[in-house]
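**Student:**
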Ligand SMILES: [Zn+2]
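Take a look at the structure:
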């Protein structure tokens, strides 16, 4: 009888143990470099169209349901075409996590000291390519392994980065459109990743995220801590109007994972040599742990 109950306990332990797949940081790094090799992915450009095709081709390797959401947004009385790319993994699942990243890059290197460089578009290795790279590798994992509980929606937002400093209505236009036209199964958790490729990675708890969704922030930072990733700092950082903000405004449980201390932000120096595969791994593995361990 005693032996039997020990065996039962052992089997129970095995059945509770969930294997979390490994994030392939080499592949994610390749995705970062390949996006940069396309050139600046500025809204309305040929390069951003190439980037859309690039993202879609990788997503199509899984059997996710893929949608393109077309919209138009006006900035300074100019109309820009925008396209959000959405991939639904395990669409029948009612419990859902939404992961998002913007794929457009800023048309103006307007944080360069030399104002003559301000009209040149940025390559955006960190500010765009890094978040997309992490999501694309998560798409690969989700194509091979089914999470125990959740379905996952990956959203690649357009038109995040064309705003005027200090005017928050001019940023995050793709995510704003997405939230305002949302139909389908509402996600329990929304996590945006942006600027997470910095070699010198330090991710504080973004201000709006912490104040809106402290439990989700604490959960993600605890997972990172359990994995030994001290780059997630348990300190409240500055506020950032990023793609999580329209979700927060509309009542979602939404956070932003961002390292905003990046000296090359909106300059021509935001190039792959400032980033590292290890940083992509830290964020990617943390997200996989969240998706697969519940
Ligand atoms: Zn930016």
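Numbering (the numbering used here), first residue to last: -9 to 284.
Note that beta-carbon positions come from the ideal geometry of N, C-alpha and C, so glycine has one too.
1. Using only the heavy atoms of ligand 1, determine whether one of them is closer than 6 Å to the beta carbon of residue 96.
2. Identify the residues that DSSP records as bridge partners of residue 236: which are they?
3. Determine the closest residue to residue 255 out of 201, 186 and 76, with distance taken between C-alpha atoms.
4. Note down, in chain order, each residue of its chain lying with its Cβ closer than 6 Å to the Cβ of residue 168, except the 5 sequence neighbours on either side.
5. Would you check whether ligand 1 has a heavy atom nearer than 6 Å to the C-beta of residue 100?
6. Would you call the CB atoms of residue 162 and residue 93 closer than 7 Å?
7. Run through the region 86 to 147 for me and flag every whole alpha helix (DSSP H) of 4 or more residues, listed as ranges in chain order.
8. Would you say the beta carbon of residue 151 is closer than 6 Å to some non-hydrogen atom of ligand 1?
9. Between residue 232 and ligand 1, is the CB less than 6 Å from at least one heavy atom?
10. Enumerate in chain order the residues of its own chain whose CB-to-CB distance from residue 249 is below 7 Å, with the five nearest sequence positions on each side excluded.
11. Mind checking residue 96: buried by the 16 CB within 10 Å criterion, or exposed?
12. Does the region 110 to 123 come close enough to the region 257 to 264 that 3 or more CB-CB pairs lie under 8 Å?
13. What's the C-alpha gap between residue 110 and residue 58?
14. To which residues does DSSP link residue 78 through a beta bridge?
15. Residue 60 bridges to which residues according to DSSP?
16. For residue 107, I'd like the list of residues in its chain whose CB is within less than 7 Å of its CB, leaving aside the five on either flank, ordered along the chain.
**Tutor:** The answer reads as follows:
1. On the chain shown, residue 96 is found 106 positions in, with the first residue counted as 1. Yes - ligand 1 has a heavy atom lying nearer than 6 Å to the Cβ of residue 96.
2. Within the chain shown, residue 236 is the residue found at index 246, counting from 1. None, per the DSSP bridge assignment.
3. As a working mapping, residue 255 is identified with position 265 in the chain shown. Of 201, 186 and 76, the residue nearest in Cα terms is 186.
4. Within the chain shown, the letter at position 178 stands for residue 168. Closer than 6 Å at Cβ, skipping near neighbours: 74.
5. On the chain shown, position 110 is the one that residue 100 refers to. Flag unset: Cβ of residue 100 not near ligand 1.
6. Within the chain shown, residue 162 is the residue found at index 172, counting from 1. Within the chain shown, residue 93 is the residue found at index 103, counting from 1. It is not a contact, given that the beta carbons lie outside the stated cut-off.
7. 121 to 134
8. Numbered from 1 along the chain shown, position 161 holds the residue referred to as residue 151. Within the cutoff, so yes.
9. Taking the first residue of the chain shown as position 1, residue 232 is located at position 242. False, no ligand heavy atom lies under 6 Å from that Cβ.
10. In the chain shown, the residue the question calls residue 249 occupies position 259. The answer, listed in chain order, is 185, 186, 188, 191, 192 and 193.
11. Taking the first residue of the chain shown as 1, we reach residue 96 at position 106. Residue 96 is buried by the Cβ-count criterion.
12. Short answer: they touch.
13. On the chain shown, position 120 is the one that residue 110 refers to. On the chain shown, position 68 is the one that residue 58 refers to. Looking at the two C-alpha atoms, the distance is approximately 28 Å.
14. Along the chain shown, read from residue 1 onward, the residue named residue 78 stands at position 88. DSSP output for residue 78 lists 55 and 143 as bridge partner(s).
15. The residue given as residue 60 occupies position 70 in the chain shown. Residue 60 is bridged to 73.
16. The count along the chain shown starts at 1 and reaches residue 107 at position 117. Here the set comprises 99 and 258.
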